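> Here the sequence shown is numbered in our numbering, starting from 1 and rising by one per residue. Mind looking over this structure? Questions follow.
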Amino acid sequence: MAKKIRTNKKHRICRVTGCKHILSIYNTENHCHVHQQFAMVRQTPSMSLIKQ
Ligand SMILES: [Zn+2]
């Protein structure tokens with residue numbers, strides 16, 4: 001049961017405009033660790049305190 005870890009050869013950068021964080025090759029998300037949480041929060045309607 002050897003599960004392949006998906007890696008990306010290219011350097012990917014956080015999708016948030018102005019954020020220059022380079023994503024880890026093991027990070028399958030499109031956001032850095034900081035903005036991952038941010039992106040998740042934005043999906044929650046009750047968290048309307050977040051500026052957009
Ligand atoms: Zn970021």
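By construction, the Cβ of each residue, glycine as well, lies at the ideal position given by its N, Cα and C atoms. Remember, predicted model here, so these are calculated numbers, not experimental data.
By how many angstroms is the C-alpha of E29 removed from the C-alpha of H11?
Working through the sequence shown from its first residue, we reach residue 11 at position 11. Working through the sequence shown from its first residue, we reach residue 29 at position 29. Rounded to whole angstroms, H11 to E29 spans 13 Å at the Cα level.
> Under the DSSP definition of a beta bridge, which residues are partnered with R12?
Along the sequence shown, read from residue 1 onward, the residue named residue 12 stands at position 12. Bridge partners of R12: L23.
> On the CB-based measure, 16 or more other CB atoms within 10 Å of its CB, does S31 come out buried or exposed?
Mapped onto the sequence shown, residue 31 falls at position 31. Rather than Ser, the amino acid found at residue 31 in this sequence is His. Buried, since its Cβ has 16 or more Cβ neighbours within 10 Å.
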